[in-house]
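This report refers to the structure that appears directly beneath it.
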Amino acid sequence: MNKIDPQFGIKLKKYGAVDFTACYNCGNCTAVCSLSTQDSSFPREMVRYGVMGMQEEISASLKPWECYYCGECSEHCPQTANPGELMQALRRWLTAKYDWTGLSGLLYKSLPLSIFAFLLLAAGVIGYGAYENFNLAKIMHYGHLFEMISIGAVFAIILLPNIFRMWNFTVLKPGSKAGIGIYFKAMGELFIHMFTQKRALGCDDNQFRWFEHFILVLGYLSLLFTTVVLDWFGTSNQIIIAIGYLFSAIVFLVTIDFVSGRIKRKKEISKYSQPSDWFFVIWLFLMGVTAFVVRLFIDLELIVDNSWIYYFHLIILVQWALIIVPFGKWTHFMYRSFAMYFARVKELAKK
Amino acid sequence: MSEKNTSLAFDALVVGGGIAGGEAALNLATNGFKVLVVEKDLSVGGKMIHLSKVFPTLDCSACITTPKVSEISRHPLITIFTETEVKGIVKNGENDFDAKVVRKPRYVIAEDCTGCQLCEEACPVNVPDQYQYGLVGRKAAYIPFSIASPRVAAIDIENCTLCGACERACPTKCIDFTQKPVEYSVKVRTVVVATGFNLFDPVNIPRYGFGEYKNVITSMQMERQLAPTRPFHTILRPGDGKMPDKIAYVLCTGSRDASVGNPICSQICCMYSIKQAQLLMGALPMADITIYYINIRSFGKGFEEFYEQAKGMGVNFVKGKIGKITENAKGNLILRYEDINENILKEAEHDMVVLSVGVLPNTESEKLFVDKSLQLDEYNFVKQPEQLVSPAKTSIKGVFVAGTASGPMDIPDSILSAGSASSEAISYLNNK
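Protein chains in written order, with the working numbering: chain A, 450 to 800; chain B, 2 to 433.
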């Protein structure tokens, strides 16, 4: 038996939910939703859980991740209860719930704390630079090393345990009995959704947005690969240098459109922005643009006289790798695809 | 027309000749006051005269309206101006109002018309009949509807080709294309605002497909199909004239919906839909009727019993607002909704859909007074500053509101409200 927890709604508002308590339970949102199906009907149920404060049901559900914020539910809500933004807030809340360190929740709820964390890391980078007497070659070497180590460490210490927790909340605890074979069988779903986000195509009139996002994800992953594995800043291979330019340009050009969308607030999806959303798109933009300029300065042999650009890039990189990736919006890349995977596992287990 | 005296004096001006305005006028006149009723339409009787039956008694609506209408029409102290609009009222002081009203030409000398309909037969122009809510056509020379009052022809000049066929056919030579609008200056001592309401136009919810899918109709169109003066002699779906056997009602179409700008309950749609469902079970005994609702609001006297009666008769009630309607090749409609009781998204096929459209304010009432001193409430109905103590009073002393001009209400409440407005007006007239 679950208890009603009216305080939960107040908590959710800190994660960005607006007006959802106005819901009068008509189900219009579910009925106009392009992604809702007979087997998985949302978002009304989630709005209900949110109002009632039924946290266990929410944390056991994959539905928040099945929503891609087409925005039709909010646009047509008779009570302007904004179910789309509630789903978005639930995704933030779930990100915090899955995170064993609890840092995600703290950063989501408190902007001052987020700013403090960003400043702390910036100070750390500058301090380290001073410690090394701003020896650019050495710092660039360790910067590259940092990239490799941080990827492994963040994955092993934060992301993997959190995925495990997500699996525990959504598959194990609700009592889904899936054999190991099912996990293998459903594996395709994980990679398809991770690399194509094809479910977002289910939103009506969303082809262009999906395409932009798709290009951005590919651009970002390729840039990561080029800098970390192919050592873009250190290489003299002309092909690697060229593709690095291409990938970094894709990242910052596409994010310009995403940032301007959030400024213009014309579409439902970009009407409400939380600090975490701003950090995510702006840092992605800064990553792309600073990487591009650093490599450009290297090629034009300006880097020695303008080493500040590298330090700036490094600050952005460190903040990205240690705040946004493990505790921020970056995780949606992972949770969304794992959610589709787990949903498939649960579906197969039922059969 | 020039011989007519355009300066008139009355005790009371009643704006609107629907059931509320008519009732208020009658009460004033039976108390010895001279009343002018101004009606913008070609007939008095308002929306009620077009209805089939009324809830929760299932009495024939026309059989209640028509005797009342003829009583108003024949009362020696009541003057009715149809096809007339108020251009502006000025309050000079207590018991002293000046009203400008403009009577539009009907292009028929009403006194001479016998209502023989020969002009209708002769007229070659066909246009949709607004009094049958577009279900059938009418001519450009026409009697508005069979129980209209006055039951006198009119020329729809916008669609008229000026061919003269009606003039030649008219046995009393009462068609007169030279008529011009006439402006009257009317001195009155009190005003009753009974301007009624507008129905929500469902083209404003494109996802319901009204106007695009022929078998999606409004509740007023269904009302016409069920009325004694109905256009067909049975229930037909407009797409192909098939008798429907699986009819859906979509409640709260344009009510309780902030996304279309009308967040309030219309108070009548639940009950008229339940009424229509019961009538349909009589008209089409084999048909399945499903009502999709958010909440059933059966709050009036005898309403809950009426709702239970419908359930007992086999009307299917489903809790869930319709989100989208699509049409299939057979012309049937697929309704997408979430079954709230089961928590599951569902789709249901129906061969006809009735949109239970809501009540919108008639914002014209704000323009009645030249200085706009007649205040509206936050939903654009006439404001009742003393809603609990004297609900008929408006923001102007000596001006009273009757019926749905002040907010959504059903017929009994409209008549009660008209009674309240007329008694307030009488006390005002007696306390000069």
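For each residue, glycine too, the CB sits at the ideal point set by N, CA and C. Everything numeric in this text was worked out from a predicted model, so none of it was measured.
* Pairing CB atoms from the segment 727-738 of chain A with CB atoms from the segment 699-706 of chain A, are three or more of them under 8 Å? -> yes
* Asked: Taking G827 (chain A) as the reference, which of A:S719, A:I612, A:F613 has the closest Cα?
  -> Limits of chain A in this structure are 450 at one end and 800 at the other, which puts residue 827 (chain A) out of reach.
* Look at the alpha carbon of Y380 (chain B) and the alpha carbon of P409 (chain B), and state the distance between them as a whole number of angstroms. => 11 Å
* To do: Within the same chain, show all residues whose beta-carbon is closer than 7 Å to that of C175 (chain B), passing over the 5 residues directly before and after it, in chain order.
  => V109, I110, D113, C114
* Which residue from B:L361, B:D340, B:M49 puts its Cα closest to that of G262 (chain B)? -> B:L361
* Can you pull the chain B residues whose beta carbon is under 7 Å from the beta carbon of S485 (chain A), in chain order? => L346
* Name the residue from A:C482, A:P492, A:K716 whose alpha carbon lies nearest to the alpha carbon of N474 (chain A). => A:P492
* Asked: How about I341 (chain B): is its Cβ closer than 7 Å to a heavy atom in the ligand HEM?
  -> In terms of ligand content, the structure shown is empty, and the ligand HEM therefore cannot be addressed.
* To do: Put M503 (chain A) into one of helix, strand or coil per three-state DSSP.
  => coil
* What does a CB cutoff of less than 7 Å around Y308 (chain B) pick up in its chain, not counting 5 residues either side in sequence? -> I275, I297, S299
* Asked: To which residues of the same chain is I427 (chain B) closer than 8 Å at the C-beta, ignoring the five residues directly before and after it?
  -> N28, L29, N32, F34
* Using 8 Å as the limit for Cβ to Cβ distance, is R648 (chain A) near chain B? -> no
* **Close-in-space but distant-in-sequence residues of the same chain around F791 (chain A) (CB under 7 Å, 5 per side omitted)** => L511, W616, T619, V620
* Contacts around L556 (chain A), its chain only, beta-carbon distance under 8 Å, and the 5 residues preceding and following it disregarded -> L562, S563, A566, S725, I772, F776, G777
* To do: For D202 (chain B), go through chain A and note every residue whose CB falls closer than 8 Å to its CB, in chain order.
  => Residues of chain A passing the Cβ test: none, with the nearest at roughly 17 Å.
* Asked: Considering only C-alpha positions, which residue in the set B:K373, B:S407, B:R208 is nearest to L389 (chain B)?
  -> B:S407
* To do: Note down, in chain order, each residue of its chain lying with its Cβ closer than 8 Å to the Cβ of T395 (chain B), except the 5 sequence neighbours on either side.
  => V194, L375, Q376, V383, K384, Q385, P386, F401, V402
* Asked: Exposed or buried, V39 (chain B), counting other C-beta atoms within 10 Å across all chains shown (16 or more means buried)?
  -> buried
* Give the straight-line distance between the Cα atoms of Y517 (chain A) and A545 (chain A), rounded to the nearest whole angstrom. => 19 Å
* Do you know how far the Cα of I144 (chain B) is from the Cα of Q222 (chain B)? -> 19 Å
* Bridge partner(s) assigned by DSSP for C61 (chain B) -> B:K54
* To do: Using three-state DSSP, classify A288 (chain B) as helix, strand or coil.
  => coil
* CA-to-CA distance, L9 (chain B) to L430 (chain B), given in whole angstroms -> 18 Å
* Rank A:I453, A:L484, A:C522, A:S490 by C-alpha distance to the C-alpha of C472 (chain A) and give the top, closest one. => A:C522
* Give the residues from the segment 459-485 of chain A that approach chain B closer than 7 Å (Cβ to any Cβ), ordered along the chain. => Y473, N474, C475, G476, N477, T479, A480, V481, S485
* Name the residue from A:G601, A:H593, A:S483 whose alpha carbon lies nearest to the alpha carbon of L650 (chain A). => A:S483
* Where the segment 511-535 of chain A meets chain B: residues whose CB sits under 8 Å from a CB there -> E524, H525, C526, P527, Q528, T529
* Taking the alpha helix (DSSP H) that N28 (chain B) falls in, what are its first and last residues? -> 20-31
* To do: Rank B:R104, B:L37, B:N317, B:A100 by C-alpha distance to the C-alpha of G75 (chain B) and give the top, closest one.
  => Note on identity: in this sequence residue 75 (chain B) is Arg, with Gly being the wrong assignment. The shortest Cα separation from R75 (chain B) among B:R104, B:L37, B:N317, B:A100 belongs to B:L37.
* What residues in the segment 231-262 of chain B have a beta carbon less than 7 Å from any beta carbon of chain A? -> R257, D258, A259, S260
* To do: Please check if any C-beta of chain A sits within less than 8 Å of the C-beta of Y273 (chain B).
  => no
* P532 (chain A) - DSSP class collapsed to helix/strand/coil -> helix
* State the CB to CB distance for the pair L14 (chain B) and A100 (chain B), rounded to an integer number of angstroms; the pair is presumed to be in contact (CB under 8 Å). => 6 Å
* Asked: Interface residues of chain A around I323 (chain B) at Cβ under 7 Å?
  -> A480
* May I ask which residues mark the beginning and end of the alpha helix (DSSP H) holding E425 (chain B)? => 412-431
* 9 Å Cβ cut-off: residues of chain B touching E494 (chain A) -> E339, N344
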